[in-house]
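Numbering (the UniProt record's numbering), first residue to last: 1 to 189. C-beta atoms are modelled at their ideal positions from N, C-alpha and C, and glycine is treated no differently.
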């Protein structure tokens, strides 16, 4: 059963970037940016550089409601604020990588199966993609950001990087799943 009223995906032939869709996308970008700036905290207190923020939930919801193009926009634009924070360019790159690799696969799958099951399948696939790319990204970016050797990062893989990213992805997906029906209806009316 299709939970969306009509065609809401901006990347389909019938979907168009209406003024309303552009305004909603801008609003979602603003909410995600505010989440990044004001609701950011370490999940593992002993590793301050691994910070959680709920902006990925906003990107997931945007992608499920409006399709892959909106997922990309809401995954990238709000994370540009990281450049102005302590995490700088490296934090921005990791945030975009984590958010985009979760929300884009979910949006693509959901676009083809526009119901709650499609959203769940999309989030599982996106979660696996995000976990893979977050681990790979940490292996490349963390040595540059922290000024440490790759061996030092590898030592953090099992006790810190994997658990942090698993918890972050699960939080994003569980909250999105709980908000799915109400939010999709709200955004599409």
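Put simply, of 104, 22 and 50 the residue whose alpha carbon is nearest the alpha carbon of residue 146 is 50. Unbroken alpha helix (DSSP H) stretches of 4 residues or longer found wholly inside the segment 115-172: 116-146 and 150-156, given in chain order.
Non-local C-beta neighbours of residue 135 in its own chain, meaning closer than 8 Å and more than five positions away in sequence, comprise 157, 161, 162 and 165, ordered along the chain. Check the Cα spacing between residue 179 and each of 22, 29, 33 and 59: the tightest is with 59. Counting C-beta pairs closer than 8 Å gives fewer than three between the segment 84-91 and the segment 54-70, which falls short of the contact rule.
Classified as exposed, residue 152 has fewer than 16 neighbouring CB atoms from the shown chains inside 10 Å of its CB. Sorting 18, 73, 154 and 184 by C-alpha distance to the C-alpha of residue 99 places 73 at the top. Counted as a single uninterrupted DSSP element, the alpha helix (DSSP H) harbouring residue 57 occupies residues 55-66.
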